[in-house]
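So that you can map any letter, position 168 of the sequence shown is 168 in full-length UniProt numbering, and since no number is skipped, the others follow by simple counting.
Notes follow the structure.
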Amino acid sequence: MNERRRRFLEGVGTAAAIGTAGCLGRLRTLGGGPDRPPAETADTQFRGETTRLGVFPEQTVPSSVTVDWRLDGLNTGGHTAAKGSPVLAPTGDIVVTGDTGEVWAVRPDGRRRWRADATDTPRGFHGTPAIANGTVYVGAYDGALYAFDLETGEQYWRTQLGDAIGSSPGYHDGRLYVAVEYYEPSGAIFALDAVTGEVSWEDRRITDHPHSTCAIDREAGRLVVGSNDGRLYCWSYPDHEFLWTDDTGEEIKGPIATWDGSAFFGSWSDRIYRVALSDGSEEWATDLGASVMAGPSVEGSTGTVYVGDQHESLYALDAADGDEQWETDVGGPVIGCPTVTSEHVLVGSYEPKLTALTKSTGEELWAVPAEGEVTSTPLVTDDAVYVAERTSEASLEGEGSTGGLYRIVADE
1 MNERRRRFLE GVGTAAAIGT AGCLGRLRTL GGGPDRPPAE TADTQFRGET TRLGVFPEQT
61 VPSSVTVDWR LDGLNTGGHT AAKGSPVLAP TGDIVVTGDT GEVWAVRPDG RRRWRADATD
121 TPRGFHGTPA IANGTVYVGA YDGALYAFDL ETGEQYWRTQ LGDAIGSSPG YHDGRLYVAV
181 EYYEPSGAIF ALDAVTGEVS WEDRRITDHP HSTCAIDREA GRLVVGSNDG RLYCWSYPDH
241 EFLWTDDTGE EIKGPIATWD GSAFFGSWSD RIYRVALSDG SEEWATDLGA SVMAGPSVEG
301 STGTVYVGDQ HESLYALDAA DGDEQWETDV GGPVIGCPTV TSEHVLVGSY EPKLTALTKS
361 TGEELWAVPA EGEVTSTPLV TDDAVYVAER TSEASLEGEG STGGLYRIVA DE
C-alpha cells in the first residue's frame, strides 16, 4: 500500500464525522450496508447502465411542455464542471445530488422524502448516483464514496479514497467502480464492495485528474476511463489486467460510452473519437471545431452518435465513420450529456435552457428556459422530464435564486 493511500485510510475515522444523514442515522466508515445479497446490476445509474449509452427507446416526450415545479437551492457554487444528474429510484422518487453537499430524494409532487447533508467540501457532489441493494452510492469532492439508505437517507458507510471525486460510480456484480483524483496531480480507479465499502482493487497508473466516468463493457470484457492527461485507459474486465492507453493530447473530461466493440468519447482536442476496445486503435476521429467536455450518446439501432461541444452545437454523427448527419445550434456551450428517447434527443446548454430536438433531423421541438446553465443530463420518465441546473451568474453575485431541480410535464 502506498504512503498516500495509507494516510487517507488512517484519516477516515476523523473525516467521517463531517457527514450527517437527513434522519440523523448512524455514521459509519466501513460496514453497515444492506443486509441482503448484492444485486448483479444496478436499479439505475448514470446514463442508464455501465456502457453509458444514454439511450432510452421506450421513453417519449410531449410535443409541448410546461414547468410543473422547481426546487431551489440544489447547486450554489460556480465550478464549471457538469452537475449531478437526477435518476429515478425504484421507490418512484427522484434522487439527485448538489454541490451544496446534499443528496435529495424528491417525490414526483415536489416534496422531499429525505435530504442527506453529507459533506461540507465547497464543491459537494457533482457525480450522479448509482442505486442498487436499496442503497444510493455517490462520490464527493472530499474524495470519499458514500452509501445512503434509499428509504431514509441514513448514511451506511463512507470510504475515503483520495482528494476529490467528480465522476459517477458504476455498479456491477456487487462492486462499485469509480475514478478518483489526487492533488499531485494524479489519479486512480477503484473497485469497492458495495455492501461494506471496502476497497477490493485499485490502480494508480493514471497520471492526472480523472474527472471522467468509467464505462464497463461486459460483452467486450473491458473497463475504460479517461483522464485530464488526455489518455483513455483500458483494463480487462472482470480480472482488471491493464491493457492499453490511447492518447488524444488533450483532456478527456466527459464519460465514456461503449458499443459494438468500441469506446466513444470527446476530448479538448476538439474531436470525438471511436477507439477499438480490443487494442486501443483509433477507428475514427471527427473534428467538431470546439472542445468536447460532454459525453456522447450512442444509439445502436440507428448507428448514430449524439454529442455536444463547447461552441453551441449538438451533432448527430454516423457511428460507423464519424461523418456528420446534422448539426443544430442550441444557443450555448454544451457540457452535459444528451438523452436519447424513441424519437427525440434532449440536451441542456449555457443558454440557459433545455432543448428537445427531433433526432432524425435535428429540428427543435421545444425549449424550456432555465434560471441557471443546464449542465446535468436530462432524465425522462413515463410522465415527466427532470433536469438540474447550475446556479446563475446573478445568484453568484448575490442576486436571484440558486441552481434548482425542475420537473417538466406535458402542456395540456
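Where a beta carbon is used, it is the ideal one built from N, C-alpha and C, also for glycine.
Based on the DSSP output, what are the partners of LEU232 in its beta bridges?
Numbered from its first residue, the sequence shown carries residue 232 at position 232. DSSP output for LEU232 lists GLY226 and ASP246 as bridge partner(s).
Taking the continuous beta strand (DSSP E) assigned at TRP259, which residues delimit it?
The residue given as residue 259 occupies position 259 in the sequence shown. Here the beta strand (DSSP E) through TRP259 covers 257-259.
Please specify which runs of the beta strand (DSSP E), each continuous and at least 3 residues long, are wholly inside the UniProt domain "Pyrrolo-quinoline quinone repeat" (271-347), giving them in chain order.
271-276, 282-287, 297-299, 304-308, 313-318 and 324-329
Return the Cβ separation of ALA118 and GLY101 in integer angstroms, given the expectation that the two are a contact with Cβ distance under 8 angstroms.
On the sequence shown, residue 118 is found 118 positions in, with the first residue counted as 1. On the sequence shown, residue 101 is found 101 positions in, with the first residue counted as 1. ALA118 to GLY101, Cβ: 6 angstroms. Contact.
According to DSSP, is GLU393 part of a helix, a strand, or is it coil?
As a position in the sequence shown, residue 393 is number 393, starting the count at 1. Looking at GLU393 - three-state DSSP - the assignment turns out to be helix.
Under 7 angstroms Cβ to Cβ from TRP366, same chain only, skipping five residues before and after it: list those, please.
Start at 1 with the first residue of the sequence shown, and residue 366 comes out as number 366. Taken in chain order, the residues that qualify are SER64, VAL65 and ALA356.
Cα separation between VAL345 and GLN45?
The count along the sequence shown starts at 1 and reaches residue 345 at position 345. The count along the sequence shown starts at 1 and reaches residue 45 at position 45. Answer to the nearest angstrom: the Cα atoms are 19 angstroms apart.
Would you mind sorting TYR183 into buried or exposed? The rule is 16 or more other CB atoms within 10 Å of its CB.
Looking up residue 183 in the sequence shown gives position 183. TYR183 should be labelled exposed.
Roughly how many angstroms separate the alpha carbons of THR350 and ASP287, rounded to a whole number?
Translated into the one-based positions of the sequence shown, residue 350 becomes position 350. Translated into the one-based positions of the sequence shown, residue 287 becomes position 287. As written in the sequence, residue 350 is Tyr, which differs from the Thr given in the question. Here the C-alpha atom of TYR350 lies approximately 21 angstroms from the C-alpha atom of ASP287.
Would a C-beta distance cut-off of 7 angstroms place ALA257 and LEU53 closer than the cut-off?
As a working mapping, residue 257 is identified with position 257 in the sequence shown. As a working mapping, residue 53 is identified with position 53 in the sequence shown. Taking 7 angstroms as the Cβ cut-off, ALA257 and LEU53 qualify as a contacting pair.
Please classify GLU242: is it buried, with 16 or more other beta-carbons within 10 angstroms of its beta-carbon, or exposed?
Mapped onto the sequence shown, residue 242 falls at position 242. It is worth fixing the name first, because residue 242 is Phe in this sequence and not Glu. Exposed, because fewer than 16 other Cβ atoms sit within 10 Å of the Cβ of PHE242.
Going by the CB atoms, is the gap between VAL106 and GLU112 shorter than 7 angstroms?
Counting from 1 along the sequence shown, the entry for residue 112 is found at position 112. Counting from 1 along the sequence shown, the entry for residue 106 is found at position 106. For the record, residue 112 in the displayed sequence is Arg; it is not Glu. Yes. Within cutoff.
Any idea what DSSP makes of HIS79, helix, strand or coil?
Here residue 79 refers to the residue found at position 79 of the sequence shown. The answer is coil: DSSP assigns HIS79 none of H, G, I, E or B.
I'd like to confirm the pairing. Which residues does DSSP put opposite SER349 in its beta bridges?
Position 349 of the sequence shown, counted from the start, is the residue given in the question as residue 349. DSSP, once it has assigned bridges, lists LYS353 as partnering SER349.
With THR245 and ARG231 assumed to form a contact (beta carbons below 8 angstroms), what rounded beta-carbon distance in angstroms separates them?
Numbered from its first residue, the sequence shown carries residue 245 at position 245. Numbered from its first residue, the sequence shown carries residue 231 at position 231. With a Cβ gap of about 5 angstroms, THR245 and ARG231 count as contacting.
Residue range of the beta strand (DSSP E) that GLY404 falls in?
Along the sequence shown, read from residue 1 onward, the residue named residue 404 stands at position 404. Where GLY404 is concerned, the enclosing beta strand (DSSP E) stretches over 403-410.
Which two residues bound the contiguous beta strand (DSSP E) that contains TYR141?
Here residue 141 refers to the residue found at position 141 of the sequence shown. Where TYR141 is concerned, there is no enclosing beta strand (DSSP E), given that its DSSP letter is neither H nor E.
In three-state DSSP terms, what is ALA220?
As a working mapping, residue 220 is identified with position 220 in the sequence shown. If DSSP states are grouped into helix, strand and coil, ALA220 belongs with coil.
I'd like to confirm the pairing. Which residues does DSSP put opposite GLY187 in its beta bridges?
Residue numbering aside, residue 187 sits at position 187 when the sequence shown is read from its first letter. According to DSSP, which records beta bridges pairwise, GLY187 is partnered with GLU181.
Could you give the DSSP three-state label for PRO38: helix, strand or coil?
Taking the sequence shown and counting its residues from 1, one reaches residue 38 at position 38. Three-state result, PRO38: coil.
Hey, out of PRO333, VAL180 and GLU327, whose CA is closest to ASP318's CA?
The sequence position of residue 318 within the sequence shown is 318, counting from 1. Among PRO333, VAL180 and GLU327, the Cα nearest to that of ASP318 is on GLU327.
Could you check how far apart the C-beta atoms of TYR386 and PRO86 are, in whole angstroms? I think they sit under 8 angstroms.
As a first step, residue 386 is located in the sequence shown; it is residue number 386 there, counting from the start. As a first step, residue 86 is located in the sequence shown; it is residue number 86 there, counting from the start. Right, the Cβ-Cβ distance comes to about 4 angstroms (below 8 angstroms), so this counts as a contact.
From the DSSP output, in three-state form, read off PHE46 for me.
What you label residue 46 is simply residue 46 of the sequence shown in a count that begins at 1. PHE46 falls in the coil class under three-state DSSP.
By Cβ distance, which residues of its chain are closer than 6 angstroms to GLY22, with the 5 residues on each side in sequence left out?
By 1-based counting over the sequence shown, the position of residue 22 is 22. Any reading at GLY22 needs caution, since the residue's pLDDT is 31, under 50, leaving its predicted position unreliable; the model's value is listed next. Only TRP114, ARG115, ALA116 and GLY153 meet the Cβ criterion.
Is TYR156 helix, strand or coil when you go by DSSP?
As a first step, residue 156 is located in the sequence shown; it is residue number 156 there, counting from the start. In the three-state reduction of the DSSP assignment, TYR156 falls in the strand class, which pools E and B.
Which one of ASP208, PRO185 and HIS172 has the shortest CA to CA distance from GLY48?
Start at 1 with the first residue of the sequence shown, and residue 48 comes out as number 48. The residue with the shortest Cα to Cα distance from GLY48 is HIS172.
In the DSSP assignment, find the beta strand (DSSP E) that holds ARG113 and state where it starts and stops.
Here residue 113 is taken as the residue at index 113 of the sequence shown, counted from 1. Going by DSSP, ARG113 is part of the beta strand (DSSP E) stretching over 112-117.
By the three-class DSSP mapping on this structure, what secondary structure does ASP72 have?
Within the sequence shown, the letter at position 72 stands for residue 72. Reduced to three states, the DSSP call for ASP72 is strand.
What three-state label does DSSP hand THR97 in the structure shown?
Residue 97 sits at position 97 when you count from the first residue of the sequence shown. THR97 falls in the strand class under three-state DSSP.
Buried or exposed: SER342, going by 16 or more other Cβ atoms within 10 Å of its Cβ?
Your numbering for residue 342 matches position 342 in the sequence shown. Burial is judged here by how many other beta carbons sit within 10 angstroms of a residue's own beta carbon; SER342 has fewer than 16 and is exposed.
With 16 other CB atoms within 10 Å as the buried threshold, where does SER301 fall?
Locating residue 301 in the sequence shown gives position 301, where the first residue counts as 1. The residue is exposed, with fewer than 16 neighbouring Cβ atoms inside 10 Å.
From the DSSP output, which residues share a beta bridge with TRP268?
Here residue 268 corresponds to residue number 268 of the sequence shown, with the count starting at 1. Paired residues: none, contrary to the question.
So is PRO255 buried or exposed if we call it buried at 16+ other beta carbons inside 10 Å?
Sequence index remark: in the sequence shown, residue 255 carries index 255 (1-based). By the neighbour-count rule (16 or more Cβ atoms within 10 Å), PRO255 is buried.
Would you call GLU412 buried or exposed, if buried means 16 or more other Cβ atoms sit within 10 Å of its Cβ?
What you label residue 412 is simply residue 412 of the sequence shown in a count that begins at 1. Looking at its Cβ environment, which holds fewer than 16 other Cβ atoms inside 10 Å, GLU412 is exposed.
The beta strand (DSSP E) with GLY134 in it runs from where to where?
The residue you call residue 134 lines up with position 134 of the sequence shown. Counting along the chain, GLY134 falls outside any beta strand (DSSP E), and DSSP gives it neither H nor E.
Report buried or exposed for GLU198, applying the criterion of at least 16 other Cβ atoms within 10 angstroms of its Cβ.
Residue numbering aside, residue 198 sits at position 198 when the sequence shown is read from its first letter. So GLU198 ends up on the exposed side.
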